[in-house]
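A.B. asks:
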Amino acid sequence: AQSVSQHNHHVILSEAASLELGCNYSYGGTVNLFWYVQYPGQHLQLLLKYFSGDPLVKGIKGFEAEFIKSKFSFNLRKPSVQWSDTAEYFCAVYTGKLIFGQGTTLQVKP
Amino acid sequence: KAGVTQTPRYLIKTRGQQVTLSCSPISGHRSVSWYQQTPGQGLQFLFEYFSETQRNKGNFPGRFSGRQFSNSRSEMNVSTLELGDSALYLCASSWTQGAGETQYFGPGTRLLVL
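Spelled out as structure tokens, the structure:
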């Protein structure tokens, strides 16, 4: 079955720490991969996406993600988090519909 | 350009009632998808409409239905509401359907069933 697995459910970091959120997907077709972010009280926003080409994609607010086909992974990274990055992060794969992971809540302590 | 808008933003209903939620896509977008978000089940796909036709459907009972109008606006309807239907219902739009498209989400309608 098609699925997305996010390894970390709740992550707590201090400001300036580095972030890596894991995402693995199960889908045998051509992958369209996404990371969305939901800030407190706000709607889902697109952070970045991968359709094809360079497997290292850059998104907004300094986020980047690397697509590793052999590992079926699309991990999200940021070298130095800020308090304003506190939010819930969702990885998703398009399979004719968007299938989302369970989400990772990131709490950044000032 | 205005984003995806959803009305109403909040709704309280009682069991057995029905509810209709509305979504206006980004101007020019012709595909509209609906998702249900709950703490327990996360984000789950309900259905997708393109050119007034349902193109894809998730694993929800027939009480959940939708439609799309010629101006691409969409509505979803839930009949015979159950307590478990309490959720945030999200609408997303994209230029067209299929791979290679990015879906942009609205703020959602929060439905509480009592």
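Going down the list, the protein sequences come from chains A and B. Residues in the first sequence are numbered from 18 upward in steps of one, following the numbering used here. Residues in the second sequence are numbered from 25 upward in steps of one, following the numbering used here. Using N, Cα and C, we set each Cβ at its ideal position, and we do this for glycine too. Bear in mind that the values here come from a model prediction, so they are computed numbers and not experimental data.
1. Could you tell me whether the Cβ of residue 120 of chain A comes closer than 8 Å to any Cβ of chain B?
2. Please identify, using Cβ separations under 7 Å, the residues of the segment 46–72 of chain A that lie next to chain B, in order along the chain.
3. Inspect the beta-carbon positions of residue 19 of chain A and residue 116 of chain A and report whether they are closer than 8 Å.
4. Along the chain, where does the beta strand (DSSP E) containing residue 120 of chain B start, and where does it finish?
5. Counting only runs that start and end within the segment 29–116 of chain B, where is the alpha helix (DSSP H) found for 4 or more residues in a row?
6. Quick check: is any heavy atom of the ligand SAH less than 7 Å from the C-beta of residue 53 of chain B?
7. Hey, could you find the ends of the beta strand (DSSP E) residue 99 of chain A is sitting in?
8. Give the range of the beta strand (DSSP E) segment to which residue 48 of chain A is assigned.
9. From A/127, A/50, A/36, pick the residue whose C-alpha is nearest to that of residue 72 of chain A; which is it?
10. Could you compute how far the alpha carbon of residue 121 of chain A sits from the alpha carbon of residue 92 of chain B?
11. Please tell me whether residue 123 of chain B has its Cβ less than 8 Å away from any Cβ of chain A.
12. Three-state secondary structure (DSSP) at residue 87 of chain A?
13. Beta carbons nearer than 8 Å to chain A: which residues of the segment 29–60 of chain B have them?
14. Which residues in chain A have a C-beta closer than 9 Å to the C-beta of residue 128 of chain B? List them in chain order.
15. Alpha carbon to alpha carbon, how far is residue 59 of chain B from residue 70 of chain B?
16. To which residues of the same chain is residue 26 of chain A closer than 8 Å at the C-beta, ignoring the five residues directly before and after it?
C.D. replies: Inspection of the coordinates gives the following:
1. Yes, its Cβ sits closer than 8 Å to a Cβ of chain B.
2. So the close ones are 47, 49, 60, 61, 63, 66, 68.
3. Contact: yes.
4. DSSP places residue 120 of chain B outside any beta strand (DSSP E), giving it a letter other than H or E.
5. You should have found no qualifying run.
6. The ligand SAH is not part of this structure, which contains no ligands at all.
7. Neither: residue 99 of chain A is in no beta strand (DSSP E) and is coded neither H nor E.
8. Residue 48 of chain A -> no beta strand (DSSP E), and no H or E assigned at all.
9. With distances taken between Cα atoms, residue 72 of chain A lies closest to A/50.
10. If you draw a straight line from the Cα of residue 121 of chain A to the Cα of residue 92 of chain B, it comes to about 33 Å.
11. At least one chain A Cβ lies under 8 Å of residue 123 of chain B.
12. If DSSP states are grouped into helix, strand and coil, residue 87 of chain A belongs with the helices.
13. Residues of the segment 29–60 of chain B whose Cβ lies closer than 8 Å to any Cβ of chain A, in chain order: 57, 59.
14. For residue 128 of chain B, the chain A residues whose C-beta falls within less than 9 Å of its own C-beta are 61, 62, 63, listed in chain order.
15. Rounded to whole angstroms, residue 59 of chain B to residue 70 of chain B spans 5 Å at the Cα level.
16. These residues qualify, in order along the chain: 119, 120, 121, 122.
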